[in-house]
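One structure is given here, and the rest of the page talks about it.
Chains as they are written, first to last, in the numbering used here: chain A, 30 to 777; chain B, 3 to 238.
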């Protein structure tokens, strides 16, 4: 079947390969591939597995640092935290499956990322979820939102890994194409670090865990195309998760690693056995021979093609140490799991698939991995870019009642309490959660195995900023994620990213993508947070409408002494409230403009990365010295919302007096609701005021006295004009009920 | 006092219970595999939380058939101490070691949250460090915690003072607003008639250290130690 027959039968097109790519395959093989070989090329050369559109751009990220034990290219990044301990982490998307089957799509997203972590020899200790949906006013958005949260709850709770942080954001651009990004963090001893390499010619290759069925065939290809009305037909490409099986896999795989029986291990994710075996062989420079007749099947009559491309969940490929097969089998049997030798490591670098005596496929592994085509896509500045950034928010009318604006913002789903979400997740199992969801700007886990250390975790992305200005939006995202860590007292160590964009074959989308990566890279360099792992999700489009560019950042930080962790809630009456960083003055791209004025435009807030770094440093040092009692950064909703959130933590009021000077060059709504970066609200006992001022001065950052904690009202005065005067109970009512009201459910 | 933490396939709070006993209480503890038929001379057996066998069938319905459960039942008959926490409570119900049954939460959602309990009895091996009527903060995390017993069973439970914990408000009111899951009579934990088997949905092992936000659960474990050292008469 040559490409010249394109008008007749072109199975490669069906599988998502272009005619040109098919030509390349012919040249590589010097013959026509058979159907199975073609299928293997198609999944391995899909964007999802091969990163063919993104690889050159991803090289822009800084990835190295002394404490990075494993950078990108493995199942997860690994970072040293001292005393022989390390953390492994990665974030991954499961957007397309969640769009058509929210519950299982999200559940299996969790399952996949958890396997990536214990594959490295790490015990999974935390999950985070970064979720984006259409507005809750839409029926389908409510259905997808509820289903995704239930799916994460179902899977994460069962496997006993706490879901400790994340974000939820609603915007019309996600209506047809929700984003479901799951991040997992694991803890390991340095000596237990495993890599997904099939080393040792002659070693056995074992398949363990669930049996192989017909589910999820060509899931990776499906994930690499745009969503449309026809996507419903792809429902069979969505897998069904079995968290119980996953829990057994976690325990048994960690046991065989602890026993020293493992050379290399790899989970079966997208493109199933094909990608896991190719990647293991490719990393080790070896070949793998597999006999599909040895593979335990869930259904009769499966062809080698179906077996090699199945995405049945909860399976692992293990290369045991020579002679340890029996011990490995024994451990899996004890956990009630099957472990079967299905092949061996070879020296010829070839992926050879047998079906008993017959050879079903024979392709050099590097053809499938290294020879994957790389595209330098055309890019073009988006048509809207200059137009929207020239919008001046000052032309908008100033609302009469700023207190009502505050209540409206607190009730908006993007700002309202996410309790409805995180209470469905077990966020305590593992008894490490020292700052639970909602109590701080990031989750903090003590590490009960690793002495006094703690880690702080957060995912972030302001996709509105990223749409309006991809470069600065990307930089702002890294700044916000790391700032959130700083607010708990943690030093950022490294980040993982999940880059969610539209169709990269469109020049404007590729422009968004490259600009965002450039901005993120610059911020990562200045803030000293290398990118150690990540995932790219393109083709997030419905009927040719792309989602807002959404490069989600998952940041991990370290607290040497977890007892010094800091939350966001105001403490006792009389504590002073200060702002670290400049007065907010910019409204462009804010939640306020969107919610109140229905405008998504304007220049995004200016980011000075050096100032950002110094503000974070100041906050961290004030927490480490025990000076401050709370720290909370300004984000969606700006200063007023941040103050309200600090009040809501423990039901405390505050009197905030903003001087006339705070308004220089701006107006009251910009001061109250603008979303400038590098700004943190802290509170502390009055006797610490001079220490705080000294720290700010030493770090050359502005700091301003805002007021005092006290009573049960939040009062905000601007130049003696009382603009907000609300009982904390009213703030709570608006904020706590925001999401349940949209779902017509009682508050929890 | 020697503790044994039973590990079923799918248990996920086993290591947490183990940690509290070993590191917080500094008492001897070992894991007991679900296929064991003896309890290795343990004085107190903990059936931990989790999703035994995935809980794909009724919660605890498969775990109760594990070989270890016969040994647990024999231990209980002989007056040995048994605690079932969350999934462990569900298994004790399925095994008939405690009366009643567990339904899905009233709103059909999983709830992981702080929960306030009123201590109804302090003359048990599990609660002698608490004050009668004390309001304690012990979190819940379950999807099937809606305790049900028919009227007759409920009357027996009340008559025999078998209800040990009830969901309450922080101010101490036992009312509908305090009930997170729809449990009959706000029941959060019960003992058997002899008082040596406790089942509770809240997780005391999740609040035995200050860093986790509450230490109210630790008293449950120290109650056991006090009981083990000669009952409650020593006043310590």
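Every residue gets a Cβ at the ideal spot worked out from N, C-alpha and C, and that includes glycine. All of these numbers come straight from a predicted model, not from anything done at the bench.
Return yes when the Cβ of residue j is within less than 8 Å of the Cβ of residue i, no when it is not.
i                      : j                      : result
residue 189 of chain A : residue 343 of chain A : no
residue 713 of chain A : residue 86 of chain A  : no
residue 475 of chain A : residue 48 of chain B  : no
residue 586 of chain A : residue 520 of chain A : yes
residue 676 of chain A : residue 752 of chain A : no
residue 597 of chain A : residue 468 of chain A : yes
residue 515 of chain A : residue 649 of chain A : yes
residue 80 of chain A  : residue 565 of chain A : yes
residue 157 of chain A : residue 194 of chain A : yes
residue 104 of chain B : residue 152 of chain B : no
residue 206 of chain A : residue 579 of chain A : no
residue 672 of chain A : residue 685 of chain A : yes
residue 715 of chain A : residue 747 of chain A : no
residue 156 of chain B : residue 190 of chain B : no
residue 495 of chain A : residue 569 of chain A : no
My assumption, with CB atoms under 8 Å, is that residue i sits in contact with residue j. Please give the rounded CB distance.
i                      : j                      : result
residue 456 of chain A : residue 272 of chain A : Actually they do not touch by this definition, with Cβ atoms about 16 Å apart.
residue 106 of chain A : residue 121 of chain A : Contact doesn't hold; Cβ gap of about 12 Å is too wide.
residue 137 of chain B : residue 170 of chain B : 6 Å
residue 374 of chain A : residue 231 of chain A : 6 Å
residue 708 of chain A : residue 662 of chain A : 7 Å
residue 609 of chain A : residue 460 of chain A : Not really, about 33 Å apart at Cβ, beyond 8 Å.
residue 297 of chain A : residue 345 of chain A : 7 Å
residue 115 of chain A : residue 236 of chain A : The Cβ separation is near 28 Å, so there is no contact.
residue 53 of chain B  : residue 187 of chain A : 4 Å
residue 442 of chain A : residue 180 of chain A : About 19 Å; that fails the 8 Å criterion.
residue 444 of chain A : residue 340 of chain A : At roughly 37 Å, the Cβ-Cβ gap does not stay under 8 Å, so residue 444 of chain A and residue 340 of chain A are not in contact.
residue 703 of chain A : residue 613 of chain A : 4 Å
residue 229 of chain A : residue 327 of chain A : Contact doesn't hold; Cβ gap of about 30 Å is too wide.
Return helix, strand or coil for residue i, following the three-state DSSP convention.
i                      : result
residue 149 of chain A : coil
residue 69 of chain A  : helix
residue 335 of chain A : helix
residue 144 of chain B : strand
residue 36 of chain A  : Bear in mind that a pLDDT of 42 at residue 36 of chain A, under 50, signals an unreliable position, so the number given afterwards is only what the model happens to contain. Note: residue 36 of chain A maps to coil in three-state DSSP.
residue 446 of chain A : coil
residue 190 of chain B : strand
residue 39 of chain B  : coil
residue 522 of chain A : strand
residue 2 of chain B   : Beyond the ends of chain B as shown, which are 3 and 238, falls residue 2 of chain B; an answer cannot be given.
residue 582 of chain A : strand
residue 88 of chain B  : coil
residue 4 of chain B   : coil
residue 102 of chain B : coil
residue 570 of chain A : strand
residue 81 of chain A  : coil
residue 515 of chain A : helix
residue 238 of chain B : Per-residue confidence for residue 238 of chain B stands at a pLDDT of 34, beneath the threshold of 50, marking its modelled position as unreliable; no derived number is given.
residue 155 of chain A : strand
residue 230 of chain B : helix
residue 766 of chain A : coil
residue 596 of chain A : strand
residue 327 of chain A : coil
Since residue i sits in a beta bridge, which residues does DSSP pair it with?
i                      : result
residue 535 of chain A : Answer by DSSP bridge pairing: none, since residue 535 of chain A is not bridged.
residue 113 of chain B : B:144
residue 344 of chain A : A:238
residue 202 of chain B : B:87, B:191
residue 375 of chain A : A:316
residue 118 of chain B : B:139, B:170
residue 120 of chain A : A:212
residue 176 of chain B : In DSSP, residue 176 of chain B forms no bridge with anything.
Fill in: Whole runs of the alpha helix (DSSP H) within the segment 703-764 of chain A, excluding any shorter than 4 residues
718-727
Worksheet item: Considering only residues of the segment 653-708 of chain A, which uninterrupted beta strand (DSSP E) runs meet the minimum length of 3 residues and lie entirely inside it, listed in chain order?
Response: 659-662, 683-687
Practice prompt. For the segment 168-229 of chain A, list the alpha helix (DSSP H) runs that are entirely contained and at least 4 residues long, ordered along the chain.
Written response: 168-188
Practice prompt. Would you mind listing the alpha helix (DSSP H) stretches within the segment 87-117 of chain A that are 4+ residues and don't spill past its ends, in chain order?
Written response: none
Item to complete: Within the segment 442-494 of chain A, note down every full beta strand (DSSP E) run reaching 3 residues or more, in order along the chain.
Response: Whole beta strand (DSSP E) segments, 3+ residues: 462-464, 472-475, 483-489.
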